[in-house]
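Asks: Numbering follows my numbering, with no gaps: position 223 of the sequence shown is 223.
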Amino acid sequence: MTARISRRQFLRYLGSGALTGTTALLAGCSWATGSRRTPGLKLVFYTDVHAREEWETPEALAMAAAAINREQPDVVIGGGDLITDGFQSGAETVAPRWDVYMGMHRAIRGDLHSAIGNHDLVGAVPEDGSVPEADPRAEFRKRLGVSSTYYSFDAGGYHFMLLDSVDIVGGKLKYRGHISTAQQEWIRQDLAAVPANQPIVLAMHIPLVTGFYQMTEGATAAAPANRVVTNNRDVLGLFDAHNLQLVLQGHLHVSELICWGGTTFVTGGAVSGKWWRGSWQGTPEGFAVLTLRGERIDWEYVSYGWKARRPANA
Ligand SMILES: [Fe+2]
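1. Could you check where the alpha helix (DSSP H) with Gly103 kicks off and where it finishes?
2. Leaving aside the five residues before and after Gly21 along the sequence, list all residues of the same chain whose C-beta is less than 7 Å from its C-beta, in chain order.
3. Rounded to a whole number of angstroms, what is the C-alpha to C-alpha distance between Ile337 and Ala66?
4. Report whether the distance from the Cβ of His50 to the nearest heavy atom of ligand 1 is below 7 Å.
5. Based on Cα-Cα distance, which residue from Gly237, His251, Glu59 and Val235 lies nearest to Leu82?
6. Can you tell me whether DSSP reads Gly237 as helix, strand or coil?
7. If I follow the unbroken beta strand (DSSP E) through Tyr301, where does it start and stop?
8. What I want to know is whether the C-beta of Ala270 ends up closer than 7 Å to one or more non-hydrogen atoms of ligand 1.
9. Taking 7 Å as the cut-off, does the CB of Gly117 come closer than this to any heavy atom belonging to ligand 1?
10. How many angstroms separate the CA atom of Thr149 from the CA atom of Pro311?
11. Please classify Ser147 as buried or exposed, where buried requires at least 16 other C-beta atoms within 10 Å of its C-beta.
12. Short of 6 Å in beta carbon distance, which residues of its chain neighbour Leu202, apart from the five on each side in sequence? Order them along the chain.
13. Using alpha carbons as the reference points, say which of Pro126, Ser152 and Cys259 lies closest to Leu163.
14. Any idea if Asp48 is buried or exposed, counting beta-carbon neighbours within 10 angstroms, 16 or more meaning buried?
15. For His119 and Gly86, which I take to be in contact (beta-carbon distance under 8 Å), what is that distance rounded to the nearest angstrom?
16. Going by DSSP, which residues form a beta bridge with Arg309?
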């Protein structure tokens, strides 16, 4: 199966601070994937919110939610890192950050689902003297009202699967990107009920595929184990007999699109940009908007107009 850019590719920047409260389309393309025709579906993928109380960032989250709602998406997917530094912090420390994030979560209208990010684990390896949590994913499940950090659902003829890509390993690395054996078994079972031609959308925090290190460090640079899913080929192999149309991924805070073998991989930038310091590697604070229509994927990265207020020394 081959893929091609079929219609347009453009880059357009619109102002900055003067556009507070507006959205700006930054890059986009229409992409023919070769899948079967199915009903259309508008999707917003926002990731790496890094909610916290400082630097008026709750205001940014309200702006982001309003901008997402203006897109009137059928489905909204959060890509994880919804809060800041849960992994190394105790539950009491991050409770106010969850409160801030949940304000955004409740403001978003539509069918909303979220993958878990490394920052969303609470008390995994505490560095603030608190006792490690027995179940660092419990707060995420409780706050978001889900029974598992990986699950599937159907919308508009598409089969969506959210995966948990974070594996706690401790030490210097702290965690690695990995899809557990249990999850792989769940994927097999879940796919058994999915028709071979039904388009599938996967979403997870840590990328399966990225060109980030080739673009930022050089063509031969390898990605660290805590920046990509280390067993990506095993995971992708589970979909060999299926129509994996789109993979949504976060973690790297850049907007990126890769097409390989009929599957489109989108890294969805970051609501927090460079961790609330502005743009990161050319990607400003924003989110991805995709329209899935039969064999086409229309993709855009949209800035919601935040002007960073994090002090340089913070
Ligand atoms: Fe992040």
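Yeah, the Cβ is synthetic: ideal placement off N, Cα and C, and Gly gets one too. All values derive from a computational prediction rather than experimental measurement.
Replies: Based on what the coordinates show:
1. Taken as a continuous stretch (DSSP letters only), the alpha helix (DSSP H) holding Gly103 covers Ala91 to Ala107.
2. Caution is warranted here: a pLDDT of 42 is assigned to Gly21, below 50, making its placement in the model unreliable, and the coordinate value is therefore given only provisionally. For Gly21, where only same-chain residues beyond five positions count, the Cβ hits under 7 Å are Met63 and Gly305.
3. The requested residue 337 is not part of the displayed model; the chain covers only 1 to 314.
4. yes
5. His251
6. Three-state DSSP puts Gly237 in a helix.
7. Arg296 to Ser303
8. yes
9. Yes, Cβ of Gly117 sits closer than 7 Å to a heavy atom of ligand 1.
10. 34 Å
11. exposed
12. Met161 and Val247
13. Ser152
14. buried
15. With 8 Å as the limit, His119 and Gly86 qualify as a contact, their Cβ atoms being about 5 Å apart.
16. Paired residue(s): none; Arg309 is not in a bridge.
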